[in-house]
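All remarks here apply to the structure that follows.
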Amino acid sequence: MNKYLLFLIIPLLTTACVGKKKFLTEVNQRQDCEKKAAQLTQDLRYAQSRMAEQDKSLTDLNANVRQLENDKGRLTTELKYKEKQINDITDQRLSQKQQMEAALAAKAKELEAREQVIAELQLAVAQRDEKLNGILTKIQIALAQYTADDLSVEVKNGKLYVALSDKLLFESGSAKMDRRGRDALSSLSNVLSKYPDLDIIVEGHTDNVPVKGGAFADNWDLSVIRATAVARLLTKDYALNPNQVTAAGRGEFQPKASNESREGRALNRRTEIIIAPKLNDIFSVLQQQSR
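Just so you know, we're using this note's numbering here: the sequence shown kicks off at 4 and counts up by one.
Okay, here's the thing in structure tokens:
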């Protein structure tokens, strides 16, 4: 009986052992699976966290890209504006440079024209002076017989002055001409008649001593009448062109020396024949310049 029970128990025990072992194996496998699941869950969470971080980074990068694109657009606009400003400034400066160059060219042309006018004027003045010096020499030769007390000849301020003393030309206190004076004027007119382009001014001068007698109102009157007498003699008797000759009286108001001395008063009592070449050439140059 016991023998039979043993045979019955042994299979049961064997079956029980096998089930427990299987159970333990399954438990272990389950635990492994749970560990793996936990690990996978942890890995998943980590991956999700990393993905979230990467999503955030991507979002930030996209935002940065958009910002950079905006900055690029803004900078491109600013660059175009700056380029336009530079081009405008360059064009403006180029225009200013061209204007300055044109102004400088105009000034240079004007300066050249002025220099030409100056050169022409200098030539005209030189020719005038040369002509006056030539006339001066001829007058000095023609009047060589007269002394320094009788007359003087000089070039002054572009004009030729022949000063004849009153004692050479006139009787004392009179406008009546002396023979020696007539001869001197004849010699002078022989020279002047060869120059029809001269202006001849006859100026009468006196000292400051009042005139006596009723023939003349004053020294001014005396100087005018004497100048007129000389001008009339030159034009009527010695055939100078009346269009060349002008008579004027200065009286006592343009003395050559002091009236305090007898010598000074003698110098002041004079008739000046002022000879000036016509300035047509000079006037022509100036008129051309003013156009």
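The beta-carbon is built from N, C-alpha and C at its ideal position, and this holds for glycine as well.
Everything numeric in this text was worked out from a predicted model, so none of it was measured.
C-beta contact flag for residue i and residue j at 9 Å
i, j, result
"residue 174", "residue 274", "no"
"residue 171", "residue 187", "yes"
"residue 226", "residue 184", "no"
"residue 222", "residue 210", "yes"
"residue 149", "residue 189", "no"
"residue 163", "residue 234", "no"
"residue 277", "residue 228", "no"
"residue 177", "residue 220", "no"
"residue 208", "residue 157", "no"
"residue 179", "residue 232", "yes"
"residue 128", "residue 142", "no"
"residue 214", "residue 262", "no"
Spatial distance of residue i from residue j (CA atoms)
i, j, result
"residue 266", "residue 282", "36 Å"
"residue 191", "residue 236", "12 Å"
"residue 58", "residue 65", "10 Å"
"residue 104", "residue 132", "41 Å"
"residue 153", "residue 144", "15 Å"
"residue 167", "residue 109", "53 Å"
"residue 37", "residue 44", "10 Å"
"residue 78", "residue 63", "21 Å"
"residue 122", "residue 140", "27 Å"
"residue 97", "residue 76", "31 Å"
"residue 56", "residue 73", "25 Å"
"residue 115", "residue 100", "22 Å"
"residue 88", "residue 102", "20 Å"
"residue 35", "residue 50", "21 Å"
"residue 138", "residue 224", "31 Å"
"residue 48", "residue 42", "10 Å"
"residue 40", "residue 68", "40 Å"
"residue 197", "residue 117", "35 Å"
"residue 120", "residue 134", "21 Å"
"residue 91", "residue 80", "16 Å"
"residue 61", "residue 53", "12 Å"
"residue 124", "residue 161", "13 Å"
"residue 94", "residue 112", "26 Å"
Residue interval of the beta strand (DSSP E) (run including residue i)
i, result
"residue 157", "154 to 159"
"residue 250", "248 to 254"
"residue 279", "273 to 280"
Whole-angstrom C-beta distance between residue j and residue i, which should lie under 8 Å
i, j, result
"residue 169", "residue 272", "4 Å"
"residue 244", "residue 199", "6 Å"
"residue 250", "residue 230", "4 Å"
Any C-beta of chain C under 9 Å from that of residue i
i, result
"residue 101", "Protein chains in the displayed structure number just one, and chain C is not present."
(message) I'd like the ranges of any alpha helix (DSSP H) spanning at least 4 consecutive residues and lying wholly in the segment 166 to 239.
(response) 169 to 172, 182 to 195, 222 to 235
(request) Give, in chain order, every unbroken run of the alpha helix (DSSP H) that is at least 4 residues long and sits entirely within the segment 59 to 97. (result) none
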